[in-house]
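**Q** In the numbering used here, the protein residues as written are 3 to 509.
Just dropping this structure here.
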C-alpha cells in the first residue's frame, strides 16, 4: 500500500522532503485507474519512434473541492539548485517553503539533487527559452524564489540517480485530473540532457504542463511529446492526438494504445475533465488557466509593389511573413477596406480591378497562430503619377514620390500633431526623443521625395518617413540629425525647435 507524499522546500538549504513506499524503479502500471501515489515510471528502453528519455508521472488524488477553479498564481519559478544543491529526504513538501499537499513516490533516506552543472550561459539560454515557450500565456517566469507566495516550481538540476531513480529518466511530475495542482513542484534532470538547451527547455515545459492536467502527445513539435524533433518545441494551438509514451501496448495510465505505430491512446484527463477523449489542445488548456500573454508578433514585409510604384488596377500584392509560433492568416486591405484573406503561404493577393486612378494605400495584416498581429503598408499610384502639388486633386494634398497625400494644411495631414495612428490620414503617428508626435508618410531614403519643410528620416533599416524640419541633404529641411533614430514610430531628436513649415495654399 502506498502512502501519500507531501513535499516541503526550505529557503535556506533548498530542502525537499519526500515520503512514500513506492520505489522509483517501479515498472509501468497496467491499471486504468491509478491509485494515490502510484508511480508511472517510463524508462529509456528503446521503443518505436521514442528516442527521448522518459519521465516519472505520479498520480495525485486531489479533492476538486480543495482546488479553486481560478488559479491562485501565475508565477513559475526556475530553480537551478545553486550553489549547493537541493537536499531531499522523507517528509512534507511543495513549491512553497513550508508545506502543501502534492503527490507521492518513494525515496529512501536523505539525498541531494546536485546543482545545475552546465555553464551560466546555458542557464541563461534555458531561462530565455522557457520565457519564449510560455510567451503565449499570462505567466511570469522567474529565477527568484517567490515563497511564501503561491507559485509553481521547476527544479532544473542534477540527475535521477541523485534521488535513487533509474539513470536516464528525464524528469518527474505529479499528475491529476483537477485543472491544476496547486503549488506543484516538478523536476527536470539537467545532467541527462547535458548542455542541450532545447531538450532541457522542452522537458521543463512538459513537466510543469503535467501539473495542468495535460497528457503526452504524438506531435513532435509540442513539448508534451517523446518523439524526436529538431528545433524548439512550442505548445500547439490545435487538437493533438495523445500518445508517444506507450510501452507494451499500454499508456502510462493503462489505456490501450492503437495506431500504425501503436503510440496513440485516449488522453488521461483531456483539459481537466474525467471524460476521456483522444485529443487535447495544450494552448487552450493553459490559456484557460492563465489567460493570453503577449507573443512576439509576425514579421511582415510587402515585397511587391514597391512604395510609390505605378500600377494597373488588379495589381498583385506579394508579402513575406514569418513568425516563431507560425503564421495563422494574412489579410489584404486597400484604402482601409478588407479585400481578401488567405490562410497559408505563398502570401500573394490581388487588388480589386475596380480601383480608380490615383493614390491607394495597400496594407497587409498578418496574424500568428495565437492571434497576435503585425502589418506592413505601401502607397501606390494607378494612372499618371504626380510631379508637383498642382497635379493633386485637392488644395490640401502634396505630391510625395509620385503620389498625392494629405499635406500639412489637411486635418490629420503630414506633419500635424497627433496622439495615435487614427489621428492621421496616413494612419502613422510617430514620436521623437522629446516626445513630440507628428503624422508621417513613408518615403524612399535619399530621393528627396518629401515636400518643403520635411526630410526623409530613416525610421528603420532601409525605410524612412517624412519628418518636419529634418534636413536629409536633398533640401527642404532646416537642421541635421545628431542622433540615430530609435526605430519605427519613435524618431531620434531631429525636430528644429518644433517648427513645422507649411506650404502656401494654391490660389
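Built from N, CA and C at the ideal position, the CB exists for glycine as well.
Please name the residue or residues paired with residue 187 in a DSSP beta bridge.
**A** 155, per the DSSP bridge assignment.
**Q** Three-state secondary structure (DSSP) at residue 200?
**A** Helix.
**Q** When burial is assigned at 16 or more other CB atoms within 10 Å of the CB, is residue 154 buried or exposed?
**A** Burial call: buried.
**Q** Taking 7 Å as the threshold (C-beta atoms), are residue 245 and residue 229 in contact?
**A** No. Outside cutoff.
**Q** Could you tell me the distance, in whole angstroms, from the CA atom of residue 358 to the CA atom of residue 384?
**A** Between residue 358 and residue 384, the C-alpha separation is close to 7 Å.
**Q** Report buried or exposed for residue 424, applying the criterion of at least 16 other Cβ atoms within 10 angstroms of its Cβ.
**A** Exposed.
**Q** By Cβ distance below 6 Å, which residues in the same chain neighbour residue 374 in space, the five residues on each side in sequence not counted?
**A** 297, 299.
**Q** Is DSSP giving residue 510 helix, strand or coil here?
**A** The shown model of the chain, from 3 to 509, leaves out residue 510, and the question about it has no answer.
**Q** Could you check whether residue 205 and residue 164 sit closer than 7 Å to each other, using their CB atoms as the reference points?
**A** No, these two residues do not count as a Cβ contact at 7 Å.
**Q** Under a Cβ-count criterion, where at least 16 other Cβ atoms within 10 Å of its own Cβ denotes burial, should residue 321 be classed as buried or exposed?
**A** When all chains shown are included, residue 321 counts as buried.
**Q** Count the other C-beta atoms from every protein chain shown that fall within 10 angstroms of the C-beta of residue 352, then say buried if there are 16 or more, exposed otherwise.
**A** So residue 352 counts as exposed.
**Q** Compare the beta carbon distance of residue 239 and residue 285 with 7 Å and say whether it is the shorter of the two.
**A** Yes, the Cβ-Cβ distance between residue 239 and residue 285 is below 7 Å.
**Q** Can you check which of these residues, 73, 312, 139, 77, is closest to residue 181 by C-alpha distance?
**A** Comparing Cα positions, the closest option is 73.
**Q** In this structure, what does DSSP give as the bridge partners for residue 369?
**A** According to DSSP, residue 369 bridges with 331, 375.
**Q** With residue 77 and residue 144 assumed to form a contact (beta carbons below 8 Å), what rounded beta-carbon distance in angstroms separates them?
**A** Contact flag correct, Cβ pair sits at about 6 Å.
**Q** Would a C-beta distance cut-off of 7 Å place residue 197 and residue 188 closer than the cut-off?
**A** It is not a contact, given that the beta carbons lie outside the stated cut-off.
**Q** Considering just the uninterrupted stretch of the alpha helix (DSSP H) at residue 286, what are its terminal residues?
**A** It spans 284–292 - the alpha helix (DSSP H) in which residue 286 sits, taken as one unbroken run.
**Q** Among 156, 179, 397, which one has its Cα closest to the Cα of residue 128?
**A** Nearest option by C-alpha distance: 156.
**Q** Write down the C-beta distance between residue 207 and residue 271 rounded to the nearest angstrom, noting that I regard them as a contact closer than 8 Å.
**A** That belief does not hold up - the Cβ atoms of residue 207 and residue 271 are roughly 18 Å apart, past 8 Å.
**Q** Start and end of the beta strand (DSSP E) containing residue 324?
**A** Looking at the DSSP string, the run of the beta strand (DSSP E) that includes residue 324 is 318–324.
**Q** Drop a sphere of 10 angstroms on the beta-carbon of residue 463, count the other beta-carbons inside from all chains shown, and report buried for 16 or more, exposed for fewer.
**A** So residue 463 ends up on the exposed side.
**Q** Pick out whichever of 461, 363, 131, 211 has its Cα sitting closest to the Cα of residue 327.
**A** Out of 461, 363, 131, 211, 131 has the C-alpha closest to the C-alpha of residue 327.
**Q** From the DSSP output, in three-state form, read off residue 440 for me.
**A** Three-state DSSP puts residue 440 in a strand.
**Q** Mark residue 308 as exposed unless 16 or more other C-beta atoms lie within 10 angstroms of its C-beta, in which case mark it buried.
**A** The residue in question, residue 308, is exposed, as its Cβ has fewer than 16 Cβ neighbours within 10 Å.
**Q** What is the rounded straight-line gap between the Cα of residue 152 and the Cα of residue 185?
**A** The alpha-carbon atoms of residue 152 and residue 185 are separated by roughly 6 Å.
**Q** If the criterion is Cβ atoms closer than 7 Å, does the pair residue 269 and residue 217 meet it?
**A** Yes, the Cβ-Cβ distance between residue 269 and residue 217 is below 7 Å.
**Q** Between the Cα of residue 2 and those of 324, 433, 263, 470, spot the shortest distance and give me the residue it belongs to.
**A** The structure shown does not extend to residue 2, since the chain spans only 3 to 509, so no value can be given for it.
**Q** Could you tell me the boundaries of the alpha helix (DSSP H) in which residue 132 lies?
**A** First-last of the alpha helix (DSSP H) with residue 132: 122–135.
**Q** When the Cα atoms are used, what is the spatial distance from residue 45 to residue 169?
**A** Only weak support exists for where residue 45 lies, its pLDDT of 36 falling under 50; the value from the coordinates is given anyway. The straight-line gap from Cα to Cα measures roughly 8 Å.
**Q** Which partner residues does residue 118 have in the DSSP bridge list?
**A** None; residue 118 has no bridge partner.
**Q** According to DSSP, is residue 172 helix, strand or coil?
**A** It is coil, neither helix nor strand.
**Q** Just curious, the alpha helix (DSSP H) that residue 341 is in, first and last residue?
**A** It is not in any alpha helix (DSSP H) - residue 341 instead sits in the beta strand (DSSP E) that spans 339–344.
**Q** Name the residue from 412, 260, 379, 247 whose alpha carbon lies nearest to the alpha carbon of residue 319.
**A** The candidate whose alpha carbon is nearest that of residue 319 is 379.
**Q** So who's on the other strand from residue 252, going by DSSP bridges?
**A** Paired residue(s): 249, 258.
**Q** Helix, strand or coil: how does DSSP classify residue 165 here?
**A** Residue 165 falls in the helix class under three-state DSSP.
**Q** Taking the beta carbon of residue 191 as the centre, do at least 16 other beta carbons fall within 10 Å, making it buried, or is it exposed?
**A** Result: buried.
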